[in-house]
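Visitor:
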Amino acid sequence: MSSTDGSGSTFFVTTPIYYVNDVPHVGHAYTTLNADAVARWHRLLGDEVLFLTGTDEHGLKVQRAADEAGLTALDHATATSDRFRSAWEMLNISNDDFIRTTEERHHLAVQALLSKAYDNGYIYADTYEGDYCVSCEAYYVEDDLVDGNCPIHKRPVEHMVEDNYFFKLSAFADQLTEWLEADAHSIRPTGYRNEALGIVRQGLDDVSISRTSISWGIPVPWDTDHVFYVWYDALINYATAAGYGADDADFDKWWPTTHHFLGKDILRFHGVYWPAMLLAAGITDLPELHVHGFLLIGGEKMSKSGGVTAIGPAEMVDEFGVDGFRYAMLRNHSFGPDSDFSYEAIVERFNSDLANTYGNLVSRVATVVGKKCGGIGPAPDPDATLATAARTAYAEAATAWEAVQPSVALDATWRLVREANEYLAENEPWKMEAGPEVDVVMGNALEAIRIATVMATPAMPEATEIAWKRIGMPGLAAEQRLPDAAVWGGYPGGVPVEVGDPIFPRFKPAS
RNA sequence: GGCGACGUAGCUCAGCUGGUAAGAGCGCUCGACUCAUAAUCGAGAGGUCGACAGUUCAAGUCUGUCCGUCGCUACCA
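When you line the first sequence up against our numbering, it's residues 1247 to 1757, in that order.
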């Protein structure tokens, strides 16, 4: 199940598929960046990685938005889907696949998977009558309504009577409980696993999974008057991309190593409904979930309905650069709990960690090598004291990445960078005469930079390549293979070191 | 109402199954250095670990109550 031994395991990692009616914001970026960083770490380990993101495009809300815009639902979905695609390109997201739920391959997989559940007796027809909120695309019981309005959108509900297909969620309570209790890695961090257990314990009702009132969806194959309700088509995207129903060998290869990244708001769907659907279809390998909290602004939730201004990733990238933004997002927020997002915190982080500690280290080392070593980076000393720091940093970072704690991993990585700065202060190579003594000091500093740079590539794919070239390393930092590349002594020596402009110029707020 | 999370230095947070004299980064003060991006290095100040009670030889670390903040309770990461 775990795939971090670096021996060519597979690793399938996903983000949620984002609803096309949304505009990409910092929250979407947060989930996606964490998944991306973990995907990149696994590539460093030599794992074969399949990293999936995409867009969720069915449902009445999309259809109505398209009507308003005077477009077909598909054209509208395409236009909005592209906003996510370009946002992820801008953020250097290394997804291997981008799925759209409107794609043929997805329709086939959904129909195949749910047909299987139907054949297995877990889907049945029934009539549903109730008050329906179009915005939610959900029924409400009277107790939930606020003055006859939808409690979320505060708009009138519509009374509807529908023949629906229902998923026998109630049949899976025991299996879900067993899975959650037996597998400590089923849902992490643990708090969210407990929440999922709580949901199951509170009792599971069967859920309606089809609609006759809309056509913008995936037809129910055994009754084409119906389309599947958007959530039940959406979740299946993960299976689609892994090859479900299309390529059994592919599916068998990827599915056992599935890791879903998601925010806590959709824990119910991913931690309860989705595993039950898989079980209903006879798939007993259940995914691992990595659940994170919300980014808060001034302690308040950031969302449309929360009324807090949503911030676009593009403006953050304009301010801090792609890698500055990526690093700050990963380093400032512990993966799991809610945490405060602030511009000031990013500025602090950028200046402290990137400009002062890492960027400045590269600059000062390059300059001294230029002056004392003729611009040629010397080889490190195999027994340098810094070697211990490097070993510790790698061990801690590797553990943290494995546990999906990027902030911890980067903290560990930066300890090595700080120790390199300390090492220089202790040895004062700029005071020495050119010769073997300086060479050893500078070789060690360069080696520390090399190792830290490899370890930082998941967070900063561009800047690390610049640093990699500066210190004269051939190839790409991202092409290195861990753990070997983190072993002390990999810096070859005898290669040219270039001074260049600061990689991260210190940030001065516009004000 | 139900379920849950959180409350540790000015700020953001680490502190696993209880046991060396409570930690890190940032910020602040002082000092050093001058290779470097007004960067770096060192030293220091600063906390009765939300409150109360309990369990224990021993509690941020377990139990209970309370106070405070927040979230979820079908569809916004």
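Just so you know, even glycine gets a beta-carbon here, dropped at the ideal spot from N, CA and C.
Compare the beta carbon distance of residue 1684 and residue 1731 with 7 angstroms and say whether it is the shorter of the two.
Guide: Result no, Cβ atoms of residue 1684 and residue 1731 do not sit closer than 7 angstroms.
Visitor: Only counting the same chain, and skipping five residues up and downstream in sequence, which positions put a Cβ closer than 6 angstroms to that of residue 1296?
Guide: Excluding sequence neighbours, residue 1296 sits near 1258, 1342, 1500.
Visitor: Helix, strand or coil for residue 1663? Go by DSSP, reduced to three states.
Guide: Helix at residue 1663.
Visitor: What is the DSSP secondary structure of residue 1678, reduced to helix, strand or coil?
Guide: Coil at residue 1678, not helix or strand.
Visitor: From what residue to what residue does the alpha helix (DSSP H) around residue 1523 run?
Guide: Start and end: 1520-1526.
Visitor: Apart from the five residues just before and just after residue 1366, which ones in its own chain have a Cβ nearer than 8 angstroms to its Cβ?
Guide: Excluding sequence neighbours, residue 1366 sits near 1526, 1527, 1528.
Visitor: May I ask you to report which of helix, strand or coil DSSP gives residue 1342?
Guide: Three-state result, residue 1342: coil.
Visitor: For the alpha helix (DSSP H) containing residue 1562, name the first residue and the last one.
Guide: First-last of the alpha helix (DSSP H) with residue 1562: 1559-1578.
Visitor: With C-beta atoms as the reference, is residue 1453 less than 7 angstroms away from residue 1423?
Guide: Contact flag unset, no.
Visitor: Is residue 1300 helix, strand or coil when you go by DSSP?
Guide: In this structure, residue 1300 counts as strand in the three-state DSSP scheme.
Visitor: Applying the criterion that 16 or more other CB atoms from any shown protein chain within 10 Å of the CB defines a buried residue, is residue 1313 buried or exposed?
Guide: Answer is exposed; the Cβ neighbour count stays below 16.
Visitor: Could you pull the start and end residues of the alpha helix (DSSP H) that residue 1259 belongs to?
Guide: Looking at the DSSP string, residue 1259 is not in any alpha helix (DSSP H); the run it does join, the beta strand (DSSP E), is 1256-1265.
Visitor: Between which residues of its own chain and residue 1309 is the CB-CB distance below 7 angstroms, once the five residues before and five after are set aside?
Guide: Around residue 1309: 1319, 1460, 1462.
Visitor: Which residues in the same chain have their Cβ closer than 8 angstroms to the Cβ of residue 1612, if we skip the five residues on either side of it in sequence?
Guide: Once the five neighbours on either side are set aside, the close Cβ partners of residue 1612 are 1716, 1717, 1743, 1744, 1745, 1746.
Visitor: At what residue ranges does the segment 1429-1484 contain a whole run of the alpha helix (DSSP H), taking only runs of 4 or more?
Guide: If we require 4 residues or more, the alpha helix (DSSP H) runs fully inside the segment 1429-1484 come out as 1436-1447, 1476-1480.
Visitor: Going along the chain, which residues of its own chain have a beta-carbon closer than 7 angstroms to the beta-carbon of residue 1658, five neighbours each way excluded?
Guide: Once the five neighbours on either side are set aside, the close Cβ partners of residue 1658 are 1639, 1642, 1643, 1646.
Visitor: Tell me whether residue 1746 sits in a helix, a strand or coil according to DSSP, three-state version.
Guide: Note: residue 1746 maps to coil in three-state DSSP.
Visitor: Check whether the segment 1346-1354 touches the segment 1319-1338, taking contact to mean three or more Cβ pairs, one atom from each stretch, closer than 8 angstroms.
Guide: Touching, yes.
Visitor: When the Cα of residue 1574 is compared with those of 1561, 1594, 1560, which residue comes out closest?
Guide: Closest by alpha carbon: 1594.
Visitor: Which runs of the beta strand (DSSP E) spanning at least 3 residues fall entirely within the segment 1306-1370, listed in chain order?
Guide: Here the runs fully enclosed are 1343-1346.
Visitor: Determine the burial state of residue 1548: buried for a count of at least 16 other Cβ atoms within 10 Å of its Cβ, exposed for fewer.
Guide: Only weak support is given to the placement of residue 1548: the predicted model assigns it a pLDDT of 47, under 50, and the question is left unresolved by the model.
Visitor: Beta-carbon within less than 8 angstroms of residue 1277's beta-carbon, same chain only, minus the 5 sequence neighbours each way: which residues are those?
Guide: These residues qualify, in order along the chain: 1261, 1262, 1507, 1508, 1509, 1538.
Visitor: Using CA coordinates, which residue listed in 1604, 1703, 1752 is at the minimum distance from residue 1291?
Guide: The option with the nearest alpha carbon to residue 1291 is 1703.
Visitor: Taking only runs that begin and end inside the segment 1568-1639, name each unbroken alpha helix (DSSP H) of 4 or more residues, in chain order.
Guide: Listed in chain order, the complete alpha helix (DSSP H) runs (minimum 4 residues) inside the segment 1568-1639 are 1589-1595, 1606-1618.
Visitor: Sorted by chain position, which residues of the same chain lie with C-beta nearer than 7 angstroms to residue 1416's C-beta, five sequence neighbours on each side aside?
Guide: Contacts found: 1450, 1451, 1452.
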